[in-house]
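Before any comments, here is the structure.
In the numbering used here, the protein residues as written are 2 to 197.
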């Protein structure tokens, strides 16, 4: 997570990365770039409070997830953000959600479509339904990565789809391929160990 002043928006921007979340009353933007990952913007407009998370997978296959890894998994990431907002004064019944990401950025062929984005989308929608948090915007799926800027005080979002020809798209693909390889390696090295 880093913070800098943006001359275009004339505001500070806090940029979050996979596994991170941030919430605030401040007049700033929270930004992130998404491929198959999901970001959920949660907000209580009655008190001008909002936050954004960024998770990579719906759930961990392990039970021994460290605190540093929790935010990478949807089941932890959404709960962490909800609890953070409630601690700051939000009311659960006033929470609303905007959901972004879940793009199929690794493969564009439908026959080779990555299930990561689809699984992330299904998880996010199901989790919010279970929590009874209405979704007011749902911009998920497709083949393009997204860059989003979320203004927590007003819940306004600026969204840009990143075209496939850019260098930043290659960076997103590389990051997601590396993460998938890391997960496969962790799964292979686990062997027959039962986590408890």
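Built from N, CA and C at the ideal position, the CB exists for glycine as well.
Just so you know, these numbers come straight off a predicted model, no measurement behind them.
Buried versus exposed, by CB contacts within 10 Å (16 or more), residue i
i           : result
residue 45  : buried
residue 19  : buried
residue 137 : exposed
residue 82  : buried
residue 92  : exposed
residue 21  : buried
residue 87  : exposed
residue 117 : buried
Paired residues, beta bridge with residue i - DSSP
i           : result
residue 22  : 54
residue 128 : Partner(s): none; residue 128 has no beta bridge.
residue 93  : Looking at the DSSP assignment, residue 93 forms no beta bridge with any residue, so it has no partner.
residue 99  : 42 and 138
residue 32  : 16 and 150
residue 9   : Answer is none; residue 9 lacks a bridge partner.
residue 200 : Outside the shown range of the chain, which is 2 to 197, sits residue 200, and nothing can be said about it.
residue 160 : 149
residue 121 : Answer is none; residue 121 lacks a bridge partner.
Nonlocal neighbours in the same chain, by C-beta distance under 7 Å from residue i, ignoring five residues either side
i          : result
residue 79 : 41, 54 and 128
residue 23 : 2, 15, 17, 31, 52 and 53
residue 95 : 45 and 47
Which listed residue (the options) has its alpha carbon closest to that of residue i
i           : options               : result
residue 58  : 14, 23, 120 and 161   : 120
residue 28  : 156, 39 and 95        : 156
residue 2   : 11, 149, 126 and 32   : 32
residue 250 : 38, 145, 98 and 134   : Nothing can be reported for residue 250, as the shown portion of the chain is limited to 2 through 197.
residue 56  : 133, 145, 122 and 142 : 122
residue 43  : 11, 144, 132 and 145  : 132
residue 99  : 84, 5 and 126         : 126
Same chain, Cβ closer than 8 Å to residue i, five either side skipped, listed in chain order
i           : result
residue 1   : No answer is possible for residue 1: it lies beyond the span of the chain, which begins at 2 and ends at 197.
residue 147 : 34, 35, 101, 102, 104, 140, 160, 161, 162 and 163
residue 26  : 48, 49, 50, 89, 153 and 154
residue 142 : 103, 104, 105, 118, 119 and 122
residue 10  : 30 and 150
6 Å CB neighbourhood of residue i in its chain, flanking five on each side removed
i           : result
residue 7   : 14
residue 152 : 30
residue 135 : 97
residue 150 : 30, 32 and 159
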